[in-house]
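Some notes on the structure that comes next.
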Amino acid sequence: MKRLGPLILVALSLALPSFAVPSPKCEIDLGSENLSLNAPIKGTENLDAAFALLEHLEISQGIARAGQDKLKSGKLKIELLTSKATSSPVPEPAGLFEAGKEESKIELRSSELGLLAVHLYHELVHAADLDFEKSAMSLLEQRKAHDALGKFVNFPSLEWVTWEEESSRIQKDRQLMVFKAERLAFNGQRALLLELMKQTPCASGFYRFHERQKHIIVAEVPDTTLRSLYNLYRLPN
Ligand SMILES: [Zn+2]
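In the numbering used here, the protein residues as written are 41 to 277.
Shown next, in the form of structure tokens:
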């Protein structure tokens with residue numbers, strides 16, 4: 041797979057390991073079964089449960105099914121990682137989407153099922169975003185052209201600081217692409233959370249608790265905040 045180092049989109053909430061206080065208990069009735077938002081993340085069964093939750097809600101059903109189709113056809117891979125698996129001194133992002141020509145990848149680091157479902161949804165919105173896909177592939181071609189000229193510095197994953205090495209046109213294009221993609225994903229994330237909290241009152245306590253712990257963003261994210269979260273300073277006004 042061609043890995044697109046710079047074309048990575050993250051869900052900005054942090055996967056911080058272990059908390060002293062347990063999260064408020066909350067179960068969601070899916071009709072055939074009850075899912076506990078507090079279920080600790082252990083493996084693939086949690087991913088199935090996260091998909092079941094997203095497919096249960098009308099608001100997230102289409103995106104979840106499109107994601108399942110991509111998974112089945114091999115165009116998308118999803119990995120569940122634990123924070124312990126990395127030795128990074130800074131907290132890891134909770135979600136990450138990496139666009140690839142043949143195969144795209146989602147990485148998730150969530151501690152509980154309720155978080156996993158929302159982080160998964162955020163990344164699935166990226167995976168379903170055709171504008172992003174188009175822009176990402178076009179930028180990849182531009183990057184290749186720069187590489188061929190020997191003027192390009194390789195990007196370590198998630199490093200945005202080396203953008204000074206690029207032409208300002210490519211920087212602007214990419215920042216605009218990231219801004220649009222994150223705007224879409226955060227709008228989707230917020231709509232999903234509001235729906236979950238409306239349908240299941242205990243979800244409110246669960247997500248507000250995790251928002252205080254910086255595990256998830258429940259509040260609306262204004263454009264200005266989005267720009268500073270993703271270091272998007274070169275956007276045309
Ligand atoms: Zn994102």
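The beta carbon of each residue, even a glycine, is placed where N, CA and C say it ideally should be.
Any non-hydrogen atom of ligand 1 within 8 Å of residue i CB
i    : result
A51  : yes
A225 : yes
E173 : no
F91  : no
H162 : yes
A139 : no
A221 : yes
Pairwise C-alpha distance: residue j and residue i
i    : j    : result
L94  : A157 : 7 Å
E142 : K115 : 6 Å
T264 : L179 : 24 Å
R105 : K184 : 33 Å
S244 : K117 : 30 Å
L224 : L120 : 23 Å
A167 : F226 : 14 Å
Cβ-based burial, residue i [other Cβ within 10 Å; buried from 16]
i    : result
Y247 : buried
N86  : buried
P133 : buried
K110 : buried
R252 : exposed
S268 : exposed
Q229 : buried
Y161 : buried
Coil, strand or helix - residue i by DSSP
i    : result
P64  : coil
I118 : strand
E138 : strand
E85  : helix
K212 : helix
K145 : strand
Rounded Cβ spacing between residue i and residue j (contact assumed at less than 8 Å)
i    : j    : result
G154 : N78  : 7 Å
S72  : E152 : Rounded, the Cβ-Cβ distance is 21 Å, inconsistent with contact.
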